[in-house]
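S.K.: Per UniProt numbering, the very first residue in the sequence shown carries number 1; after that it's consecutive.
Where is the CB? At the ideal position from N, CA and C, for every residue including glycine.
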Amino acid sequence: MATHSVEDIKAQSARLRGTLLQSLADPVTGALREDDQTLIKYHGSYQQDDRDVRETRRLAKLEPAHSFMIRTRTPGGVVSPAQWLQFDAIARRFAERGLRITTRQAFQFHGVIKTELKATMQAINAALVDTLAACGDVNRNVAVAANPHVSRLHAGVHAQAAALSEHLLPNTRAYYEIWLDEERVAGGGEEVEPIYGERYLPRKFKIGFAIPPGNDVDVFAQDLGFIAIADAGGKLAGYNVAIGGGMGASHGDPETYPRLANVIGFVAPGQVIAVSEAVVTAQRDFGNRAVRKRARLKYTIDDRGLEWFVAEVERRAGFPLSPARPFAFDHNGDRFGWVDGDDGRAHLTLRIPAGRIVDGALDGRGGAVRHLSGLRAIAALLDAEGDGAEFRMTPNQNLVVARVPSALRARVDALAAEHGLDGWRAASPLRRNALACVALPTCGLAMAEAERYLPEFTGKVEALLARHGIADAPIHLRLSGCPNGCSRPYLGEIALVGKAPGRYNLMLGADHRGQRLNTLYRENIDEATILGALDPLFARYAASRDGNEGFGDFLLRDGIVDIPDRDRRRGIPTDTLLIEASA
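#1: Who are the Cβ neighbours of Pro429 in its own chain at under 6 Å, not counting the five residues just before and after it?
#2: DSSP on Val310, reduced to helix/strand/coil?
#3: Could you tell me how far apart the beta carbons of Ala145 and Val157 are, in whole angstroms, since I believe they sit closer than 8 Å?
#4: I'd like the span of the alpha helix (DSSP H) that includes Thr349, first residue to last.
#5: Please go through the same chain and pick out, in chain order, the residues whose beta-carbon is closer than 8 Å to the beta-carbon of Thr266, but skip the five residues on each side of it.
#6: Given a threshold of 16 other Cβ atoms within 10 Å of its Cβ, counted over all protein chains shown, does Lys10 qualify as buried or as exposed?
#7: How many whole angstroms separate the CB atoms of Ser165 and Ile113, which I take to be in contact at a CB cut-off of 8 Å?
#8: Going by C-alpha to C-alpha distance, which of Tyr196, Gly197, Ile195 and Phe226 sits closest to Ala210?
#9: Taking a contact to mean a Cβ-Cβ separation below 7 Å, would you say Val79 touches Phe391 in this structure?
#10: Pick from Asp546, Asp422, Leu224 and Gly30: whose alpha carbon is nearest that of Val369?
#11: Does the beta-carbon of residue 585 have 16 or more other beta-carbons within 10 angstroms, so that it is buried, or is it exposed?
#12: How is Val28 classed by DSSP in three states: helix, strand or coil?
#13: Do Pro283 and Thr300 have their C-beta atoms closer together than 7 Å?
#14: In three-state terms, what does DSSP make of Lys499?
#15: Mind checking Ala89: buried by the 16 CB within 10 Å criterion, or exposed?
#16: Closest Cβ-Cβ distance between Ala282 and chain D: below 7 Å?
#17: Please report the Cβ distance between Ala389 and Arg376, rounded to the nearest whole angstrom; I am assuming they are in contact, meaning their Cβ atoms lie under 8 Å.
#18: Taking the alpha-carbon of Tyr200 as reference, which of Leu168, Phe220 and Pro441 has the nearest alpha-carbon?
#19: Taking the CB atoms as reference points, tell me whether Ala379 and Trp84 lie closer together than 7 Å.
#20: Taking C-alpha atoms, which residue in Gln271, Gly233, Asn484 and Val280 lies nearest to Gly293?
#21: DSSP three-state call for Ala549: helix, strand or coil?
#22: How close, in whole Å, do the beta carbons of Ala123 and Gly111 come, if the pair is a contact with beta carbons under 8 Å?
#23: Are the beta-carbon atoms belonging to Gln222 and Gly244 less than 7 Å from one another?
#24: Compare the C-alpha of Asp387 against each of Asn139, Glu314, Arg467 and Pro405 and name the closest.
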């Protein structure tokens, strides 16, 4: 059977239906038909297999241990305690390894088998959440600042992001027919897609809303970013618009690279949907559909020119962008512990290592935690007595227990301590800030370990920092099993990007505000070589850092790393360029 291109599969899919119903009904295999493996992504799921047992099963002449990952569409990562309890029940019944928080503030369920895929999807929908467009060549889950110290603006920005997410959904009814048993009506398979067209976008598209001074969404890593600007009274005045960010790359291919977004102007809140649709449809019409690895918006902008693309966006939106307004970020991490909100409620940010919420996982220090049980107990308390409390997943894979009434604060604290959810108190700054993608054993793209390796590697780096007396340094560490960048590794002050089992590219030199990319320092090296390379750098940092200077900033100042020539040529914002643009 001939292999179809992704573009052909989309165009011939009857608006994302394909033969998914037939694939799901096939009892002979735990897999879907090849074309349907592409189409199911638009419904929020990926087909995977357990790579730990792949070779054993091959030798036994068995097909791979197929299963499915399901990702939710939860704009801004906000869910109620009642929804949390429903997701907890779904994870325990249908999935493996509990719940997982992604860097786009969504839930992922792993290990769902094909025969239970539809039941899982229906259970998610019963919680009033869907998975439509959580994956695939469409706008993905919209990320929104989660840190509670900006709660005064959060509600309005979150509402705007949720409305934009809804506006950019595909029109096809395929999702509702396949998973929710909606009857197919006349015209089904030929629905008009005014935003996406019959072939949808050339590649995935990501949107994020940041609220200065926090940049927890890493807004410059987004295809389209909105930076909230407050007026003198602290109310939302509008947004600076940034376009062209993206983390994905391919090893050894200079035609692919991570890129930070350019700030192109300012829009009022009422203009957000129009400018978003203009950017999305311009990418739809001019993005590269011939070479998939060059299909992201960042390449469209670089190939055609930023000035040309901005003019095209303004033409489609029907108005010119206003000049960008001043803004400043001071960090792109999460702030842990309790913070009092503007509404008299309190917010508790909990550290969730690599976003994995499961009972029995090791905490990296020899102890076990019961995160799944603990959050179930907190959710039950808040569902019964919380009166508007909510959970906010952060873009750094952590969790904010938000809007907690003062009368419940002590009880929430006690439940967190009882179940090991207060690990942030003893964790080093390095461990608090660390991110990792899922990688092995389920991700088909992974070349090396990430999530499973994070606790061990972090411990070894902590030992080096302690040796040099800088265990308190708030260094941002990110691990990725491959160069595609789901953990946003190119924005880590230290990052490992998987090259092969046990081998990584060592990337250094990003800042702590998400405004500068790191650069390749050592290529294709093992753990001993990585630690050996970091040791003398930590010694130099300890001896000559300037006050609270970040590790990445020190590496740049000391000449150990430099801003890549490509980034200078393409006008990717560095610290200096951003300051100038916003002054």
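M.R.: On the basis of the supplied data:
#1: For Pro429, where only same-chain residues beyond five positions count, the Cβ hits under 6 Å are Pro474.
#2: If DSSP states are grouped into helix, strand and coil, Val310 belongs with the helices.
#3: That pair is a contact at about 7 Å.
#4: That residue, Thr349, is in no alpha helix (DSSP H); its beta strand (DSSP E) goes Ala346 to Leu350.
#5: One detail in the question is off: residue 266 reads as Phe in this sequence, not Thr. Taken in chain order, the residues that qualify are Ile229, Gly238, Tyr239, Asn240, Val241, Leu321, Ser322, Pro323, Ala324 and Arg325.
#6: Buried, since its Cβ has 16 or more Cβ neighbours within 10 Å.
#7: The Cβ separation is near 29 Å, so there is no contact.
#8: Considering only alpha carbons, the answer is Phe226.
#9: Yes; because the gap between Cβ atoms is below 7 Å, this pair is in contact.
#10: For the residues Asp546, Asp422, Leu224 and Gly30, the minimum Cα distance to Val369 belongs to Asp422.
#11: Since the displayed the chain opens at 1 and closes at 583, residue 585 lies outside it and no answer follows.
#12: Correct three-state label for Val28: coil.
#13: Per the sequence shown, residue 283 should be read as Gln rather than Pro. Yes, these two residues count as a Cβ contact at 7 Å.
#14: Correct three-state label for Lys499: strand.
#15: Exposure of Ala89 is indicated by the presence of fewer than 16 other C-beta atoms within 10 angstroms of its C-beta.
#16: The question asks about chain D, but that chain is absent: this structure has only one protein chain.
#17: A Cβ-Cβ distance of about 15 Å is found for the pair Ala389 and Arg376, leaving them out of contact under the 8 Å criterion.
#18: Ranking the options by Cα distance to Tyr200, first place goes to Leu168.
#19: Yes, these two residues count as a Cβ contact at 7 Å.
#20: What sits at residue 293 in the sequence shown is Lys, not Gly. If we check each option's Cα against that of Lys293, Asn484 comes out closest.
#21: Residue 549 is actually Glu in this sequence, not Ala. Coil.
#22: At roughly 15 Å, the Cβ-Cβ gap does not stay under 8 Å, so Ala123 and Gly111 are not in contact.
#23: No, Cβ-Cβ distance for Gln222 and Gly244 is not below 7 Å.
#24: Among Asn139, Glu314, Arg467 and Pro405, the Cα nearest to that of Asp387 belongs to Pro405.
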